[in-house]
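2 protein chains.
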Amino acid sequence: MSTTYNFCAGPAMLPTAVMQQAQAEFLDWHGLGCSVMEISHRSKEFIAVAEQAEQDLRTLLNVPKDYAVLFGHGGGRGQFSAVPLNLAQQHESAAFLTSGSWSAGAYQEAQKYLNAIELVTSSSVNGQVTVPHLSLDKEQQQRFAYLHYCANETVEGVEINCLPEAGSVPLVADMSSNILSKNIDVSKFGVIYAGAQKNIGPSGLAVVLVNNDLLDKGRDSTPSFLNYQNMAKNGSMYNTPPTYAWYLAGLVFRWLLNSGGVAAIEQQNQQKANLLYQCIDQSDFYRNHVHPDFRSRMNVVFHLPNPDLDSLFLAEAEKNGLRALKGHRIVGGMRASIYNAMPLIGVATLTEFMQEFARKHG
Amino acid sequence: MSTTYNFCAGPAMLPTAVMQQAQAEFLDWHGLGCSVMEISHRSKEFIAVAEQAEQDLRTLLNVPKDYAVLFGHGGGRGQFSAVPLNLAQQHESAAFLTSGSWSAGAYQEAQKYLNAIELVTSSSVNGQVTVPHLSLDKEQQQRFAYLHYCANETVEGVEINCLPEAGSVPLVADMSSNILSKNIDVSKFGVIYAGAQKNIGPSGLAVVLVNNDLLDKGRDSTPSFLNYQNMAKNGSMYNTPPTYAWYLAGLVFRWLLNSGGVAAIEQQNQQKANLLYQCIDQSDFYRNHVHPDFRSRMNVVFHLPNPDLDSLFLAEAEKNGLRALKGHRIVGGMRASIYNAMPLIGVATLTEFMQEFARKHG
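Listed in order, the protein sequences are those of chains X and A.
Those letters in the first sequence? Residues 0 to 361, per numbering that gives the first Met the number 0, in order.
Those letters in the second sequence? Residues 0 to 361, per numbering that gives the first Met the number 0, in order.
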């Protein structure tokens, strides 16, 4: 096969080294004569996999000891329901910052479970998307059970680097699409959750970090398999977890550790994003509509001068081994998702192609 | 590697041909230059996989047109919450038949969501586990929103072949561990659900068949990603599904079709179970405590005359390539799970070993 680069927003590409190892041991894992997906989650062999993955994730993100690390079902969107069901009662209020489609989805789902208040939404200023900074005042800190935001919006390509100031209110972040892409201070958060299918592993897995102080806030009606306290008490094995996804997540964590950890990948991610945004900004052809302070390092959204060119761009990109560049239907145009697993050479190949395409059609 | 046979109750072995194909196309699926787990669930390529899997499952089980086939998150236990949340309101009542650990778990979880009434429980008569037949009378048919039972109990090795008579009440079956092992008449059920990790694929996937008439019974508070109507409306892609598990399920369905379908595998399953139960019954050494009418064809539970021999049995079995035979901690002893993917030769190898072990230690 010729080299292809897969810019899919998710399920996204996984590190090549991880995929190669997974393939090599697919039929006979650790000499057991079967796949790791064919053994009991309660076997000592799988428990070792599970514990190592948790430990490696703790190391990578420097997770404080008083946080539970959960591996569960349902992906990121499952947490749209799980968060309100675990952190507050029906009569309580929670605050929402809406910066794009995903945070809007979380806000909408939460309305079923409590009094959800949208405090801030992104806006367009001089044609550039920007997100007002949010800081809860004293009165708000009394009022809200938690403050929810999405750290990176895959659809719009909007990333929030400057944390909302929640004061004494637990800060809850959907980091589905930028977890492990840069250093974060976990201690500033009440809950961090992430669907796996961008920077962690295959779809179907949700990783949740929860401050232990929040484990007893769940309501009785929370489905047991989504209940943080129940999950924590049972080492995420109250029910059979998605074991193969957990195993692959573990391989990704190990790959990241061996590649220098989060600090090293953050540098590479910055480099990749710079290269691509420069290519856009330095052309008169491509446009990006996000204010530089909020441009995502994971999902780079850009438009061609004329949408009639979109299908030609996609077809020629495909011919050059550059896959899955079509933007989300909500915003149109193009989107290059350049998560941790995308090598710099992939982005360089894309920018070269983009420059060539602009020369021909500009 | 030498031949091993994996009797794990779940996550269980998958058909060897399926695993070999999955390994061969692990890094480059259909010439895309990446794995099927690395492509968008909304790509035409994955949608083709998803639709083929659904169609094959419909063919295998002869699913009537007026049933939705859903592929979701959360496994079988996720459905312990999803079923009451989708089929009844808080003030309604539902009936439960308890034949072992799994149906007891479903009954317990349902108590959070409605008035759950346990009508029948299994009992031991002359040292043999038996399950009273349940038939709802007229008054009960007025009273209950649904009747739930578990078609096969993996822990106790108890299978119910004679359907409970629910009359006009929707019959709900947990078929996690015996779906696709024998012919069933889907039209007799309101809902059939199954965690994938026994006869379908890897863990993390739940397959649900729902009569369309029941799709509008869900309550507003049902988490959207578990809501049957929402799942059906969105082709099980309201949120990113566990795509790799869905793909593997599709390969398993295709393997089953190519092997003669459910009727053919049912014959083989009967043959395998007969062989193993005969080995137990014809010895003075091994014992099984389930009444012949309720013996599971999927999970054969047996005890040695003296539990002190258990660890020796397991160690010697392991040396002979016979893995994961330890019984569930609730019932002790041994358990051989012989799902569709277990070949007859695996069971024959086990019975030979058992006879030899009995000769030495009897």
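In this text, a Cβ means the ideal position worked out from N, Cα and C, and glycines have one as well.
Item, Value
"Kindly indicate if chain A contains any beta-carbon less than 8 Å away from that of G9 (chain X).", "yes"
"Quick one: Cα of N366 (chain A) to Cα of L69 (chain A), how far?", "The structure shown does not extend to residue 366 (chain A), since chain A spans only 0 to 361, so no value can be given for it."
"Check whether the Cβ atoms of S175 (chain A) and G194 (chain A) lie closer than 8 Å to each other.", "yes"
"Reducing DSSP to helix, strand and coil, say where S310 (chain X) ends up.", "helix"
"Tell me which residue opens and which closes the beta strand (DSSP E) that G194 (chain A) is part of.", "V190 to G194"
"Of all the CB atoms in chain X, is at least one closer than 8 Å to the CB of N5 (chain A)?", "yes"
"Could you name the residues of chain C that P240 (chain A) contacts, counting a contact when the two beta carbons are closer than 9 Å?", "Protein chains in the displayed structure are X and A, and chain C is not among them."
"Assuming F224 (chain X) and Y237 (chain X) make a contact with CB atoms under 8 Å, what is their CB distance in whole Å?", "6 Å"
"Counting only the same chain and skipping the five closest in sequence on each side, list residues whose C-beta sits under 7 Å from that of S34 (chain A).", "F25, L26 and W28"
"Report yes if the C-beta distance between N368 (chain X) and R322 (chain X) is below 8 Å; otherwise report no.", "Coverage of chain X is limited to positions 0 through 361, which leaves residue 368 (chain X) absent and any answer about it impossible."
"Mark I329 (chain A) as exposed unless 16 or more other C-beta atoms lie within 10 angstroms of its C-beta, in which case mark it buried.", "exposed"
"With contact counted as at least three CB pairs below 8 Å, one residue from each stretch, are the region 312-319 of chain X and the region 276-295 of chain X in contact?", "no"
"Where does A165 (chain X) sit, in a helix, a strand or coil, going by DSSP?", "coil"
"With H, G and I counted as helix, E and B as strand and the rest as coil, what does DSSP make of S175 (chain X)?", "coil"
"Rank A:P304, A:G203, A:T242 and A:N226 by C-alpha distance to the C-alpha of H40 (chain X) and give the top, closest one.", "A:G203"
"Looking only at its own chain, which residues have a Cβ that is under 6 Å from the Cβ of L13 (chain X), when we skip the five neighbours before and after it?", "A340"
"By alpha-carbon positions, which one of X:V190, X:C161 and X:K111 ends up nearest to P63 (chain X)?", "X:V190"
"Taking DSSP as the reference, what is the three-state secondary structure of L256 (chain A)?", "helix"
"Between the alpha carbons of E91 (chain A) and S235 (chain X), how many angstroms are there, rounded?", "31 Å"
"Any beta carbon from chain A within less than 8 Å of E37 (chain X)'s own beta carbon?", "yes"
"Under 9 Å between beta-carbons, which chain A residues line up against D215 (chain X)? List them in chain order, please.", "Within 9 Å Cβ-Cβ: nothing; D215 (chain X) doesn't reach chain A, min ~17 Å."
"Taking the alpha helix (DSSP H) that N114 (chain X) belongs to, which residues open and close that run?", "Run containing N114 (chain X): none in the alpha helix (DSSP H); it sits in the beta strand (DSSP E), N114 to T120."
"For the alpha helix (DSSP H) that contains R57 (chain A), what are its first and last residues?", "K43 to L60"
"Please list, in chain order, the chain X residues whose beta carbon lies closer than 8 Å to that of A21 (chain A).", "F25"
"Taking 7 Å as the limit between beta carbons, can you name the residues of its chain near N61 (chain A), skipping five residues before and five after?", "V185"
"Leaving aside the five residues before and after R294 (chain A) along the sequence, list all residues of the same chain whose C-beta is less than 8 Å from its C-beta, in chain order.", "G156, V157, E158, A272, Y276 and N287"
"Hey, quick one: how far does the alpha helix (DSSP H) through S80 (chain X) stretch, first residue to last?", "G74 to L86"
"What residue ranges within the region 260-331 of chain A form continuous beta strand (DSSP E) runs of no fewer than 3 residues, ordered along the chain?", "298-301"
"Between which two residues does the beta strand (DSSP E) containing P207 (chain X) stretch?", "The residue asked about is misnamed: residue 207 (chain X) is Val in this sequence, not Pro. Its beta strand (DSSP E) spans residues L204 to N210."
"Kindly list the residues whose CB is nearer than 7 Å to the CB of G249 (chain A), restricted to its own chain and excluding five residues on each side of it in sequence; keep chain order.", "V48, Q51, A52 and D55"
"Between M0 (chain X) and chain A, is any beta-carbon pair separated by less than 8 Å?", "Unreliable positioning characterises M0 (chain X) in this predicted model, as indicated by a pLDDT of 47, which lies under 50. The coordinate reading is nonetheless provided below. M0 (chain X) counts as touching chain A."
"Mind checking if A244 (chain A) is an interface residue toward chain X, Cβ cutoff 8 Å exclusive?", "yes"
"Check whether the Cβ of M18 (chain X) lies closer than 8 Å to any Cβ atom in chain A.", "yes"
"Could you check the C-alpha separation between I199 (chain A) and P241 (chain X) for me, to the nearest Å?", "14 Å"
"Roughly how many whole angstroms lie between the Cα atoms of P342 (chain A) and Q196 (chain A)?", "17 Å"
"In or out: L311 (chain A) buried (at least 16 other Cβ within 10 Å) or exposed?", "exposed"
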